[in-house]
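Trainee: What follows is a single structure, and I will ask about it in a moment.
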Amino acid sequence: MQIAIVGAGPTGLYLATTLARRGHRVAVVDRDPGPPRSGPWRRRGVMQFEHAHTFRGPVVDLLREDMPDFLDRLVSAGASIPTMPDGRPAALLCRRSTFEATMREVAAERPGIDLVTGHVDRTIDDGARVRGVQVDGRRVTADLVLDASGRASRFSAGIRPRAIGEPCGVAYVTRQYRRRRGADHPPTNSPIGLSLAFARYFAVAFLHDARTFSITIAHDGRDPRVRALRHAHVFESVVRRIPRLREWIDGAASEPMTPVLPGGRLHNGYRGQCDEHGALAAPGMISVGDAVCTTTPLAGRGVTLALAQASRLTAIIDHHGADVDSAAMEFDSWCTSAIRPWFDDHRHADADRLRRWAGGDVDLTRPLPSDLIVAAGAVDDRVRRGAEPYARMDALPDTLAAVEPLARSVYASGWRPPVADGPVDLGELCDASVAA
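The opening position of the sequence shown corresponds to residue 1 in full-length UniProt numbering, with each subsequent residue numbered one higher.
What follows is the structure, given as structure tokens:
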């Protein structure tokens with residue numbers, strides 16, 4: 001088939017590579033021309049491009065199976081793969097820019113892939129089906145259009161089903177650094193770096209490739225004083241006042257690579273392929289990746305969910321061939337059972353986190369959210385073992401039901417997740433840093 005993919009991010013490039021390998025002709029359309037020959041890549045249209053990313057263990061599993069050459073190139077570029085005690089990959093430590101630039105190189109070398117630079121104006125249809133896309137006034141016809149352009153896709157806004165969801169109640173700022181050669185390794189408490197949970201905010205240092213890392217501070221966005229974190233001198237001052245986190249940037253250990261970058265307007269959202277009557281909303285087009293599901297970035301599940309979709313969609317297209325409507329219906333059914341549960345899980349967990357950030361206690365009159373169940377594993381090994389498949393995303397959220405009563409007993413005893421040592425009130429901390 002001739003396939004047009006809108007969006008040359010990880011989802012679109014993964015699909016292009018795996019589909020071209022199976023003999024399809026693929027045109028990948030994106031308004032960004034790709035990385036320059038020299039200098040940093042200022043990716044157009046991707047707000048989070050230079051923000052911290054977590055590539056979870058299942059991403060490594062998929063890449064080892066479908067794109068091993070790409071994974072090898074990432075490791076050669078400085079990415080690393082920490083492992084769990086059982087030897088399975090825990091994560092891929094890598095910047096989004098490195099990940100995407102390397103994937104684009106691999107796609108560009110693959111016969112059957114045409115990387116098209118341009119703005120997608122709209123879909124082309126014959127009144128019954130989508131037959132391609134219009135790119136800067138030029139027609140790109142296709143037997144199948146894959147919308148991998150993200151949650152805020154505009155070219156298909158008029159024909160896609162309405163999304164369900166709401167803001168996830170988190171805002172953040174992040175900055176990227178590079179550790180100087182020979183500098184001591186900073187303190188860590190997880191495979192991805194250092195995660196510090198305070199009563200009303202999170203502070204996280206994410207390890208990346210080639211001695212780079214990001215520091216991210218996430219909060220509920222309600223305190224106007226916290227907006228000052230967008231200023232570099234305030235951000236640096238705040239980080240230096242947080243124990244253990246300060247060691248990541250103290251002295252001559254590292255140097256900043258980016259400005260302080262804000263992240264906002266974040267949503268938990270889900271959109272299937274069908275309209276309210278159960279019929280395909282746009283026959284001839286399939287939405288995939290963030291165009292189907294977005295979740296709170298705090299959990300770092302976005303790329304994992306997107307590539308899981310891309311892998312499954314490739315297999316479904318293999319099975320159905322030119323019967324793209326059957327492929328779309330099967331993919332929609334699979335997403336309902338395999339992707340939507342993560343969206344529902346985030347909605348519940350985020351609402352409860354916001355309540356606790358506002359001063360509420362653990363509510364034992366309602367089902368515990370997933371983050372509290374996982375946290376209880378710190379003191380009950382049965383909970384830890386039962387929650388591990390969920391935590392690695394090897395099992396769906398409903399598998400936590402088996403250990404929820406055990407976690408509930410932990411909280412009924414009075415135990416609460418420990419709070420990191422450091423400043424309690426982020427607003428006061430910002431005020432002090434502004435005045436410093």
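Cβ coordinates follow ideal geometry from the N, Cα and C atoms, glycine included. As the structure is a prediction and not an experimental result, all values here were calculated from the model.
Among LEU144, PRO397, LEU207 and THR296, which has the Cα closest to the Cα of SER326?
Mentor: The option with the nearest alpha carbon to SER326 is LEU144.
Trainee: Would you kindly work out how many angstroms separate the C-alpha atoms of GLY182 and VAL204, rounded to a whole number?
Mentor: Each residue's alpha carbon lies about 23 Å from the other.
Trainee: Quick check: what's the CA-CA separation for ARG312 versus ALA338?
Mentor: ARG312 and ALA338: Cα-Cα distance of roughly 10 Å.
Trainee: Counting only the same chain and skipping the five closest in sequence on each side, list residues whose C-beta sits under 6 Å from that of PRO369.
Mentor: HIS348, ALA349 and ASP352.
Trainee: In or out: ASP184 buried (at least 16 other Cβ within 10 Å) or exposed?
Mentor: Flag for ASP184 reads exposed.
Trainee: Please state the DSSP three-state secondary structure of ALA310.
Mentor: Here ALA310 sits in helix by DSSP.
Trainee: Under 7 Å between the Cβ atoms of ASP275 and THR98?
Mentor: Going by C-beta atoms, ASP275 is not nearer than 7 Å to THR98.
Trainee: Tell me, please, which residues DSSP counts as bridged to MET285.
Mentor: For MET285, which the question treats as bridged, DSSP gives the partners VAL145.
Trainee: Using the rule of at least 16 other Cβ atoms within 10 Å of the residue's Cβ for burial, across every protein chain shown, is PRO224 buried or exposed?
Mentor: With fewer than 16 Cβ atoms within 10 Å of its Cβ, PRO224 is classed as exposed.
Trainee: Would you check if the distance between the CB atom of PHE70 and the CB atom of ARG122 is smaller than 7 Å?
Mentor: No, the pair does not count as a contact, with Cβ atoms beyond the cut-off.
Trainee: Can you tell me whether PRO423 is helix, strand or coil according to DSSP?
Mentor: If DSSP states are grouped into helix, strand and coil, PRO423 belongs with coil.
Trainee: To test your reading of the DSSP string, which unbroken alpha helix (DSSP H) runs of 4 or more residues are found completely within the UniProt domain "FAD/NAD(P)-binding" (1–155)?
Mentor: The qualifying runs are 10–21, 57–66, 68–76 and 96–109.
Trainee: Could you work out which residue in PRO58, ALA108, VAL26 and VAL374 is closest to PRO35 when comparing CA atoms only?
Mentor: Looking at the Cα atoms, ALA108 is the closest of the given residues.
Trainee: Between which two residues does the alpha helix (DSSP H) containing PRO405 stretch?
Mentor: That run of the alpha helix (DSSP H) goes 404–412.
Trainee: Which word fits GLU50, buried or exposed, when buried means at least 16 other C-beta atoms lie within 10 angstroms of its C-beta?
Mentor: GLU50 should be labelled buried.
Trainee: Quick one: is ALA378 buried, meaning 16 or more other Cβ sit within 10 Å of its Cβ, or exposed?
Mentor: The residue is exposed, with fewer than 16 neighbouring Cβ atoms inside 10 Å.
Trainee: Name the DSSP beta bridge partners of VAL204, please?
Mentor: Answer is SER195 and THR216, bridged to VAL204.
Trainee: Ends of the beta strand (DSSP E) at LEU261?
Mentor: From DSSP, the beta strand (DSSP E) with LEU261 extends over 261–263.
Trainee: Which whole-angstrom value describes the C-beta separation of GLY198 and VAL424, a residue pair presumed to lie in contact below a C-beta threshold of 8 Å?
Mentor: The question names Gly, but residue 198 is Phe in the sequence shown. Sure, about 7 Å apart at Cβ, within 8 Å.
Trainee: With a threshold of 8 Å on Cβ separation, who are the neighbours of ARG271 within its own chain once the five nearest residues in sequence on each side are excluded?
Mentor: ARG160, PRO161, ARG162, ALA163, ILE164, SER287, ALA291, VAL292 and CYS293.
Trainee: Determine, using beta-carbon pairs with one atom in the segment 86–105 and one in the segment 54–63, whether at least three such pairs fall under 8 Å.
Mentor: Touching, yes.
Trainee: Given this structure, state the Cα-to-Cα distance separating LEU13 from TRP248, to the nearest angstrom.
Mentor: Using only the alpha carbons, I get a separation of about 33 Å.
Trainee: Taking the DSSP output, what are the residues bridged to TYR270?
Mentor: Bridge partners of TYR270: ILE164 and CYS293.
Trainee: Since ARG131 and GLY284 are thought to touch, with beta carbons under 8 Å apart, how far apart are those beta carbons, to the nearest angstrom?
Mentor: That belief holds up - the Cβ atoms of ARG131 and GLY284 are roughly 6 Å apart, short of 8 Å.
Trainee: Helix or strand or just coil, what does DSSP make of GLU428?
Mentor: Helix.
Trainee: Cβ of ALA228 within 7 Å of Cβ of CYS430?
Mentor: It is a contact, given that the beta carbons lie within the stated cut-off.
Trainee: Give the single residue among GLY112, ILE242, LEU280 and PHE206 whose Cα lies nearest to the Cα of ASP421.
Mentor: For the residues GLY112, ILE242, LEU280 and PHE206, the minimum Cα distance to ASP421 belongs to ILE242.
Trainee: By Cβ distance, which residues of its chain are closer than 7 Å to ASP332, with the 5 residues on each side in sequence left out?
Mentor: Answer for ASP332: GLY272, GLN273 and CYS274, listed in chain order.
Trainee: Use the C-beta contact count for ASN189: other C-beta atoms within 10 angstroms, 16 or more gives buried, fewer gives exposed.
Mentor: Counting Cβ neighbours within 10 Å, ASN189 comes out exposed, since fewer than 16 surround it.
Trainee: How about GLY169 and LEU372: do their beta carbons lie closer than 7 Å?
Mentor: It is not a contact, given that the beta carbons lie outside the stated cut-off.
Trainee: Which same chain residues, not among the five before or five after ALA52, have their C-beta less than 6 Å away from its C-beta?
Mentor: Excluding residues within five positions, the ones whose Cβ falls inside 6 Å are THR174, PHE206, SER214 and THR216.
Trainee: Tell me whether THR141 is buried or exposed, calling it buried when 16 or more other Cβ atoms sit within 10 Å of its Cβ.
Mentor: That one is exposed.
Trainee: Going by beta carbon distance, what residues of the same chain come within less than 6 Å of GLY300, once the five residues before and after it are set aside?
Mentor: These residues qualify, in order along the chain: THR54.
Trainee: According to the Cβ coordinates, are ARG44 and ASP32 closer than 7 Å?
Mentor: Yes, Cβ-Cβ distance for ARG44 and ASP32 is below 7 Å.
Trainee: Does the distance from the CB of ALA20 to the CB of ALA4 come in under 7 Å?
Mentor: Cβ distance not < 7 Å, so ALA20 and ALA4 don't count as in contact.
Trainee: What are the residues that DSSP puts in a beta bridge with GLU255?
Mentor: Paired residues: ARG178.
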